[in-house]
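Residue numbers (the numbering used here): 197 to 475.
Quick reminder that beta carbons are idealized off the backbone N, C-alpha and C, glycines included.
As structure tokens, the structure follows; a few thoughts come after it.
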Amino acid sequence: MDKFIENPSQSPLLTLLAGIVVIAFLGMTDYITGPELAFSIFYLIPISFVTWKAGYKNGLVTVVMGTITWLVSDIYSNPHYSNPLIPYWNSMVRFGFFLITAYMLSAMRRSMEREKETARTDSLTGACNPRAFMEFAEQELERSRRGRKPLTLVYLDCDNFKTVNDTLGHNTGNNLLIEVVQTMKSCVRPYDIVARLGGDEFAVLFPGLDAKECRAPIDRLQSELNASMQFNKWPVSFSIGAVTFSHPPSSVNDMIKAADALMYEVKNGGKNGVLHQTV
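Quick look at the structure:
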């Protein structure tokens, strides 16, 4: 089921068309076999498939198509009803059944996607959590190997963060962490990865940026973060370690260790600075 969620249809239109074709086939089969064999339940197969893979709106199309197809097939294969309104009543009942099924599947899909997103997101700041960061970083590392493109990892720590918690309170500390992530996201590209890896430790992964290209966003990151702290009158600065990998390392852990080591060099050397290295 998880694999089904993670790999949604790349073309909702094709999925919808496939569902309509199956419904047409079922309608023809329903007509040929006559009224003695019931095929209603089989209409749920394309309706469920399209709803899950292509969304609720496309699922509604198959609900309507399935209802109409069944009605036409029923009328032409069994013209002898005691009341001419019976097939229309039956169609409305089936429409309601199909509609409820599509709605429940859509709600289930949304719920599972929300749970999946929650499992990958830091609940306080909205940044990627460590688990999600490792997954994204593994993907980018593999892409870097295949395309022979550079990869830059930035690791930063909030200097004197404990002082904020001790003197201004944990609520202020939480607001500071939220502000850090919002500022970081505003300084990077939409597809760069911002993560919270520890209490007051964060990372940014810049896919495809070499040492020269990543210098400007790193400088902007430091400048904007410091400006934000000064604006809010929070006594916090940032120690930043950045490593550009011209040749992809063997693992994501190696990437993190290299950037983390540079960050601690900055912290041990007086804090509030950037140390950038190319390997």
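Once the 5 residues before and after S424 are set aside, which same chain residues still bring their CB inside 6 Å of it?
E375, T379
Is the Cβ-Cβ distance between F323 and A391 less than 8 Å?
This sequence places Ala at residue 323; Phe is not what is there. The answer is yes: Cβ separation under 8 Å.
Close Cβ partners of Y284 (< 6 Å) along its chain, the five nearest in sequence each way excluded:
none
Reduced DSSP secondary structure (H/G/I, E/B, other) of S447:
coil
8 Å CB neighbourhood of T317 in its chain, flanking five on each side removed
A323, C324, N325, A328
What number of angstroms, rounded off, separates the C-alpha of W266 from the C-alpha of P242?
13 Å
Within the continuous alpha helix (DSSP H) that includes Y162, where are the two ends?
Any question about residue 162 goes unanswered here, given that the chain covers just 197 to 475.
When the Cα of L421 is compared with those of V384, S319, E331, which residue comes out closest?
V384
Alpha carbons only, please: which of G343, D353, K429 is nearest the one belonging to H443?
G343
Y455 vs L349 beta-carbon contact at 8 Å:
Looking at the sequence provided, one finds Ala at residue 455 rather than Tyr. Yes, the Cβ-Cβ distance between A455 and L349 is below 8 Å.
Less than 8 Å separating the beta-carbons of P346 and G404?
yes
Should M459 go down as buried or exposed, given a rule of 16 or more other Cβ atoms within 10 Å for buried?
buried
Taking the alpha-carbon positions, what's the T247 to A438 distance?
45 Å
Who are the near neighbours of K463 in its chain, counting only those whose CB is closer than 8 Å to its CB and skipping five residues on each side?
D353, D355, S435
Per DSSP, which residues does P403 bridge with? Please list them.
Paired residue(s): L347.
C-beta contact flag for G369 and V360 at 8 Å
yes
Quick one: Cα of D198 to Cα of F427, how far?
Summary for D198: the model assigns pLDDT 38, below 50, so the residue's position carries little reliability; its value from the coordinates is reported in the next sentence. Each residue's alpha carbon lies about 44 Å from the other.
So what does R392 bridge to, in DSSP terms?
F398
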